[in-house]
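Undergrad: Here the protein sequences line up with chains A and B, keeping their order. 1 is the number of the first residue of the first sequence in UniProt numbering; add one for each residue after it. 1 is the number of the first residue of the second sequence in UniProt numbering; add one for each residue after it.
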Amino acid sequence: MAAYLARRIVQAVLILLGVTFVTFVLLYLLPADPARQIAGRSATAATVQSIRQQLGLDLPLWQQYLRYLGNLVQGDMGRSYIQRTGVAPLVWSRLPATLLLMAGAIVCELVIGLGAGILAAVRRGKPADTTVMVASFLGVSAPQFVVGILLLYVFAVRLQWFPIGGYGTFAHLVLPALTLGILGGGWYSRMTRSSMVDVLRQDYIRTARAKGAGERRVVYIHALRNAVLPLIAMIGLDIGIFMSGAVVVESVFGWPGIGQLTWQAIQQVDIPVIMGVTLTAAVFIVLGNLLADLIAPLADPRIKLR
Amino acid sequence: MAGGLKRFAANRIALFGLVLIAVIVGAALFAPWLAPYPPNEQFFEGLTLEGAPLPPNAEFWLGTDQLGRDLLSRLIYGARTSLVVGVLANGVAVLLGTVLGVTAGYVRGVVGSVIMRFTDLMMAFPALLLAIALAAIFQPSLLIVALVIAMVNWVQIARVVYTETTALAERDYIEACRALGANWPRILFRHIVPHLVPTVLVYATLGIATTVLLEATLSFLGIGVRPPEPSWGNIIYENQTYFATAPWLVFIPGAAILLLALAFNLVGDGLRDALDPTQRGR
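Structure representation (C-alpha cells):
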C-alpha cells in the first residue's frame with residue numbers, strides 16, 4: 001500500500017509538471033508578445049522592454065520555464081493582462097464559490113443518478129426503465145447552457161421560485177447545481193442501472209431471496225452496497241467535467257466562481273487568467289484522480305492495487 | 001460485422017437516431033433550396049416597431065432574431081456549421097487517436113510509454129478550458145475551432161485503441177502469424193487493425209456527439225464560430241439576452257443541438273450493442 005501510494009503520488013507530481021510545461025508554452029510562447037499585452041496599447045517601447053526584462057522574456061527558454069515554475073511554487077501565477085493584479089489572488093478569491101457549486105452538483109448528480117438507476121434496474125424492461133434510459137440519453141446529450149437557460153426560464157422567470165442569478169443564499173445555489181449535476185446524473189443513472197442488474201443476477205442475491213428476504217431488503221440492503229459503492233468511490237473522476245461545466249453554468253447564472261472569471265477573461269482575451277484557471281483546474285483533476293484511485297479499493301476489495 | 005448490422009437494424013431507438021441524422025444532413029446539404037430566406041439578410045419587417053424580434057408567424061415560421069433575420073434560415077444553414085465542425089474535428093481526432101493508440105499498443109517500449117504518458121497529461125486538463133485557451137490564443141475560424149476540438153478529443157480514442165491493441169497483440173493467433181513468418185506490416189494491417197474497426201466506429205460516432213456539444217459551447221461562449229456565420233451555438237450567444245421575452249430564440253436552436261447530439265449518441269450506443277457481444281442482454 002505504501003509503495004503504491006508513493007508511486008501514485010510521484011506520478012501525480014510528474015503529470016502536474018507536464019501540465020505546467022503546457023501552460024507555460026501557451027502563456028509565453030504562443031501569444032504574439034506577452035510583454036506588449038501586459039504593458040497595454042499606449043505603452044512606450046522602453047516600458048515594453050522593461051516589462052520584458054522583468055518577466056525574463058529575454059532569457060533562454062529553459063531559464064524562463066524554471067522561473068515560471070519557481071514563481072508557481074511561491075503561489076505566483078503571473079499577472080492579468082487587463083486587471084492590474086496577480087492571477088493567483090483572483091483565482092483564490094473565486095475558488096470557494098466554485099467548490100460550493102461543485103458540492104451541490106455532486107449531491108444533485110448522485111440523487112438523480114442513483115435514484116433513477118436503481119428504479120430502472122428494479123423495473124428492468126418495464127416502462128419505468130425505458131423512461132429512465134431515454135431521460136439519461138437526453139441528459140447526456142443536452143448542452144449545459146441550454147439546460148441552464150431552460151431552468152432559469154421555467155423556475156426563475158415564469159414560476160419565480162428561485163432568484164434569476166447571483167450568489168449568497170441556498171436558493172441561489174439550487175438551479176446552477178442542478179444544471180451542473182444533470183449531465184453526471186445521466187451517466188450515473190446508466191452506470192448504476194448496469195451495475196445493479198449485474199449484482200441482482202448474482203448467486204448471493206438468489207440465496208438472500210431463497211432465505212425469504214423481502215424485495216426491499218434484497219435491493220436496498222444486499223444489492224445496493226455492492227452495486228453503488230464502487231461508483232461513488234469514483235466521484236473524484238468527475239472533477240474534470242465539473243471544471244469544464246463550471247465555465248458555462250457560472251456564466252449563465254452569474255455565479256461568482258472561477259468559471260465566471262474564465263468567461264470574463266475570454267471576453268477580454270486575458271490569457272494569463274485563463275491559464276491560471278486551467279492550471280488550478282488541472283491540480284484539482286489530478287487530486288481527484290488520485291483520490292479515486294485510493295478510495296476505489298476500499299469500496300470494492302476486488303480491485304487490486306497496481 | 002454482418003450479424004452486427006442485423007442486430008443494429010433491429011434496434012428501433014438506434015434507427016430513430018439514424019433517421020434524425022439523415023434529416024439534419026439533408027437540411028445541411030440542401031440548405032440553399034430549403035431555407036426560405038438568405039441566412040444573413042436583415043428584414044425591416046423582421047422586427048417590431050420597438051425593435052424586438054418577432055415570434056413565430058406565417059412569414060417567418062420560427063420567428064426572427066434580434067437583428068430581424070429569419071431564424072429558420074439561420075438554423076438550416078447552422079446545421080452545416082455543426083456538421084462540418086463535428087465531422088472534421090472528430091475525423092481528425094479519430095485519425096490521430098487511432099494512429100497514436102495503435103502505435104503505442106503495438107510498438108510498446110519507449111515510444112509507447114511516451115505516447116501514453118502524454119495522454120495521461122492531456123487527461124489532466126479539463127477539455128473545455130484547454131479548448132478555451134487554444135481558441136483565445138488563435139483567432140477563431142471554422143477550421144481553427146475544428147482543430148482545437150480535435151486536439152482535445154483524440155485522447156479518449158487513443159486510450160481505448162491502445163488497450164485493445166495491446167490485448168490483441170498478445171493473442172495466440174498473432175504469435176502464430178509471427179511463427180509463420182508474417183512481417184510486421186502484414187500482422188498490423190491484416191490481423192490487428194481490422195479487429196479495431198468496431199471499437200473505433202463506436203467511439204467515432206459517440207465522439208461526434210461530444211464534438212457537436214463542444215462546438216456549440218465554444219460558440220455560446222463567443223469563441224467558437226464567429227457571427228454572422230450562423231452556428232446553433234452562436235445563435236444562442238447572440239440572442240441570450242432576449243431569453244425571457246423571446247425564449248424561442250434560445251430554445252429552438254438549443255433543441256437542434258440536443259437532437260443532433262442525441263442522434264449520434266443513440267446510433268453510437270446502438271452500434272456498441274450490435275458490435276460488442278459481451279454487452280448484449282443488458
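Beta carbons: idealized from backbone N, C-alpha and C, even for Gly.
Let me know if B:S141 comes out buried or exposed under the rule of 16 or more other beta-carbons within 10 Å of its beta-carbon.
TA: Classification of B:S141: exposed, given that the 10 Å Cβ count is below 16.
Undergrad: Looking at chain B, is there any beta carbon in it that lies within less than 8 Å of the beta carbon of residue 345 of chain A?
TA: Summary: the structure shown does not reach residue 345 of chain A, with chain A confined to residues 1 through 306, and so no result is reported for it.
Undergrad: Can you name the residues of chain A whose CB is closer than 8 Å to the CB of B:L213?
TA: Going along chain A in sequence order, the residues near B:L213 (Cβ under 8 Å) are S141 and P143.
Undergrad: When the Cα atoms are used, what is the spatial distance from B:R282 to B:L134?
TA: With a pLDDT of 41 at B:R282, under the threshold of 50, the modelled position of that residue is not reliable, and the figure given next carries that caveat. Cα to Cα, the separation comes out at about 40 Å.
Undergrad: When you check each C-beta in the region 160 to 180 of chain A against every C-beta of chain B, which residues fall closer than 8 Å?
TA: Listed in sequence order: no entries.
Undergrad: Since B:A216 is in the alpha helix (DSSP H), which residue starts that stretch and which ends it?
TA: Run containing B:A216: V193 to F220, per the alpha helix (DSSP H) assignment.
Undergrad: For the putative contact between A:L272 and A:V22, defined by C-beta atoms under 8 Å, what is the C-beta separation to the nearest angstrom?
TA: Per the sequence shown, the amino acid found at residue 272 of chain A is Pro instead of Leu. Incorrect: roughly 14 Å between the Cβ atoms, too far for contact.
Undergrad: Apart from the five residues on each side of it in sequence, which residues of its chain come closer than 6 Å, Cβ to Cβ, to B:A263?
TA: G17, L20 and I21.
Undergrad: Counting only C-beta atoms, is B:A124 closer than 8 Å to chain A at any point?
TA: Yes, because at least one Cβ of chain A sits closer than 8 Å to the Cβ of B:A124.
Undergrad: Taking B:L180 as the query, report the chain A residues whose CB atoms sit under 8 Å from its CB, ordered along the chain.
TA: Those do not exist, as B:L180 stays about 34 Å from chain A at its closest Cβ, beyond 8 Å.
Undergrad: Would you say B:V250 faces chain A, with C-beta separation under 8 Å as the test?
TA: Yes, contact with chain A.
Undergrad: Use the C-beta contact count for A:W62: other C-beta atoms within 10 angstroms, 16 or more gives buried, fewer gives exposed.
TA: Exposed, by the Cβ-count rule.
Undergrad: At what residues does the alpha helix (DSSP H) containing B:A93 begin and finish?
TA: Segment L71 to V107, the alpha helix (DSSP H) holding B:A93.
Undergrad: Which residue comes first and which comes last in the alpha helix (DSSP H) that contains A:I173?
TA: For the record, residue 173 of chain A in the displayed sequence is Leu; it is not Ile. It spans F170 to L200 - the alpha helix (DSSP H) in which A:L173 sits, taken as one unbroken run.
Undergrad: So, B:Y77 versus B:A104, is the Cβ gap smaller than 8 Å?
TA: For B:Y77 and B:A104, no; Cβs fall outside 8 Å.
Undergrad: Given a threshold of 16 other Cβ atoms within 10 Å of its Cβ, counted over all protein chains shown, does A:A296 qualify as buried or as exposed?
TA: A:A296 is buried by the Cβ-count criterion.
Undergrad: Comparing the C-beta of A:F137 with each C-beta of chain B, is any distance below 8 Å?
TA: Yes, A:F137 lies at the interface with chain B (some Cβ there is under 8 Å from its Cβ).
Undergrad: From A:G212 to A:R201, what does the alpha carbon distance come to, in whole angstroms?
TA: Whole-angstrom Cα-Cα distance: 17 Å.
Undergrad: When you compare the CB of B:I132 with every CB in chain A, is at least one pair closer than 8 Å?
TA: Closer than 8 Å to some Cβ of chain A, the Cβ of B:I132 qualifies, so yes.
Undergrad: Can you tell me the Cα-Cα spacing of B:R280 and B:A274, whole angstroms?
TA: Annotation note: pLDDT 48 at B:R280 (below 50); position unreliable, no value reported.
Undergrad: Indicate whether the contact test is met: 3 or more Cβ pairs, each with one atom in the region 249 to 260 of chain B and one in the region 190 to 206 of chain B, closer than 8 Å.
TA: No, because fewer than three Cβ pairs between the region 249 to 260 of chain B and the region 190 to 206 of chain B fall closer than 8 Å, the two stretches do not touch.
Undergrad: Check the Cβ-Cβ distances between A:L150 and every residue of chain B, and say whether any is below 8 Å.
TA: True, the Cβ-Cβ gap to chain B drops below 8 Å.
Undergrad: Which chain B residues are close to A:A282, counting only those with a beta carbon under 8 Å from its beta carbon?
TA: Neighbours of A:A282 on chain B, chain order: A124, F125 and P126.
Undergrad: Any idea which residues DSSP pairs B:P228 with across the strands?
TA: Bridge partners of B:P228: none, in fact.
Undergrad: Could you check if residue 290 of chain B is buried or exposed, using at least 16 other CB atoms within 10 Å of its CB as the buried criterion?
TA: For residue 290 of chain B there is no data in the structure shown, the boundaries of chain B being 1 and 282.
Undergrad: Just verifying my parser: in three-state terms, what is the DSSP assignment at A:G78?
TA: In the structure shown, A:G78 sits in coil (DSSP, three-state: anything other than H, G, I, E or B).
Undergrad: Might you give, ordered along the chain, the residues of its own chain that have their beta carbon closer than 8 Å to the beta carbon of A:V107, omitting 5 neighbours on each side?
TA: Answer for A:V107: A177 and G181, listed in chain order.
Undergrad: Compare the C-beta of B:I235 with all C-beta atoms of chain A and state if any pair is closer than 8 Å.
TA: So, not an interface residue.
Undergrad: Determine the DSSP secondary structure at B:G233, reduced to helix, strand or coil.
TA: B:G233: helix per DSSP, three-state reduction.
Undergrad: Under the rule that 16 or more other beta-carbon atoms within 10 Å means buried, what is A:G75, buried or exposed?
TA: So A:G75 counts as exposed.
Undergrad: Output yes if chain A places a C-beta closer than 8 Å to the C-beta of B:Q240; else output no.
TA: Yes, contact with chain A.
Undergrad: Return no unless some Cβ of chain A is closer than 8 Å to the Cβ of B:I144.
TA: With 8 Å as the cut-off, B:I144 does not count as an interface residue toward chain A.
Undergrad: So, helix, strand or coil for A:G86, using DSSP?
TA: Note: A:G86 maps to strand in three-state DSSP.
Undergrad: Would A:S251 be called buried (16 or more neighbouring beta carbons within 10 Å of its own) or exposed?
TA: Classification of A:S251: buried, given that the 10 Å Cβ count is 16 or more.
Undergrad: Any residues in the region 205 to 232 of chain B with a beta carbon nearer than 7 Å to a beta carbon of chain A? Which ones, in chain order?
TA: Of all residues in the region 205 to 232 of chain B, A209, L213, A216, T217, F220, L221, G222 and I223 have a Cβ within less than 7 Å of some Cβ in chain A.
Undergrad: Taking only three categories from DSSP, how would you classify B:P38?
TA: B:P38 falls in the coil class under three-state DSSP.
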